[in-house]
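Per UniProt numbering, the very first residue in the sequence shown carries number 1; after that it's consecutive.
Here's the structure, in structure tokens; my notes come after.
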Amino acid sequence: MCVFAYGQTGTGKTFTMDGTNEEPRIVPRALEEFFRQASLDNSSSFTFTMSMLEVYMGNLRDLLSPRQSSRPHEQYMTKSTSWTNVNEASSRSHSLTRINIFRHGDALEAKSEVSKLWMIDLEGCKQLLKTGAKGLTLDEGRAINLSLSALGDVVAALKRKRCHVPYRNS
Numbered sequence: 001m002c003v004f005a006y007g008q009t010g011t012g013k014t015f016t017m018d019g020t021n022e023e024p025r026i027v028p029r030a031l032e033e034f035f036r037q038a039s040l041d042n043s044s045s046f047t048f049t050m051s052m053l054e055v056y057m058g059n060l061r062d063l064l065s066p067r068q069s070s071r072p073h074e075q076y077m078t079k080s081t082s083w084t085n086v087n088e089a090s091s092r093s094h095s096l097t098r099i100n101i102f103r104h105g106d107a108l109e110a111k112s113e114v115s116k117l118w119m120i121d122l123e124g125c126k127q128l129l130k131t132g133a134k135g136l137t138l139d140e141g142r143a144i145n146l147s148l149s150a151l152g153d154v155v156a157a158l159k160r161k162r163c164h165v166p167y168r169n170s
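Have a look at this one:
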């Protein structure tokens with residue numbers, strides 16, 4: 001399953017996905033619920049894995065990589081942001097969180113099941129003239145718009161059941 005936060009810059013997508021320590025939203029609440037449900041199931045054991053990625057200027061970065069920081073949460077907090085005329089802390093990247101849930105039955109013949117949940121916080125489409133972007137911020141805005149356009153092309157091709165889906169255009 002995949003959940004997208006999509007919309008214009010400054011509409012609260014990142015807050016809706018992450019929230020704060022005081023007001024957790026979709027991602028932390030989903031994790032909490034998965035752990036709660038797993039603790040109620042006495043007939044199975046569970047293994048959870050999590051990935052957090054950032055797409056910035058066409059490059060992928062692992063936000064939980066121990067090579068980048070000894071504290072994964074601090075690494076996530078370094079997600080690329082920039083000031084614009086529209087938003088003081090405008091995200092400059094897309095973030096992707098993937099939760100894998102492995103369910104192992106206790107019986108010998110029991111099948112293992114794998115479930116995956118992607119929660120994706122897409123950066124808002126940039127109205128480059130309105131934001132007053134210049135230099136690197138302008139380049140970031142262009143990269144964001146290009147990736148959102150490429151995603152739109154993929155979704156449109158999938159919806160129309162096209163033979164060719166332009167996955168590599170991003």
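For every residue, glycine included, the Cβ atom is placed at its ideal position computed from N, Cα and C.
Cβ neighbours of residue i in the same chain (closer than 7 Å, five flanking residues each side left out)
i      : result
Lys111 : Gly105
Own chain partners of residue i with C-beta closer than 6 Å, once the 5 adjacent residues on each side are dropped
i           : result
Lys13       : Ala5, Gly7, Asp121
residue 171 : Outside the shown range of the chain (1 to 170) lies residue 171, about which nothing can therefore be said.
Simplified DSSP assignment, three categories, for residue i
i           : result
residue 172 : Within the shown structure, residues of the chain are numbered from 1 to 170, placing residue 172 beyond reach of any answer.
Val55       : strand
Pro28       : helix
Ser65       : coil
Lys111      : coil
Through-space distance from residue j to residue i, alpha-carbon basis
i      : j      : result
Thr16  : Pro24  : 9 Å
Ser51  : Thr97  : 6 Å
Glu109 : Ala30  : 30 Å
His160 : Thr20  : Per the sequence shown, the amino acid found at residue 160 is Arg instead of His. Cα to Cα, the separation comes out at about 39 Å.
Val27  : Pro166 : 29 Å
Thr38  : Phe48  : Here the sequence assigns Ala to residue 38, which means Thr is not the residue at that position. Going from the Cα of Ala38 to the Cα of Phe48 covers about 10 Å.
Leu138 : Leu64  : 28 Å
Arg61  : Leu158 : 27 Å
Ile99  : Asp18  : 14 Å
Reference residue i; option with closest CA among the options
i      : options                       : result
Gly10  : Ser91, Val27, Pro166          : Ser91
Phe34  : Leu138, Lys116, Cys2          : Lys116
Ser147 : Asn100, Thr49, Arg168, His164 : Arg168
Gly58  : Cys163, Leu151, His164        : Leu151
Own chain residues within Cβ distance below 8 Å of residue i, not counting five before or after
i     : result
Glu32 : Pro24
**Message:** With three or more C-beta pairs closer than 8 Å as the rule, is the stretch 131-144 touching the stretch 40-47?
**Reply:** no
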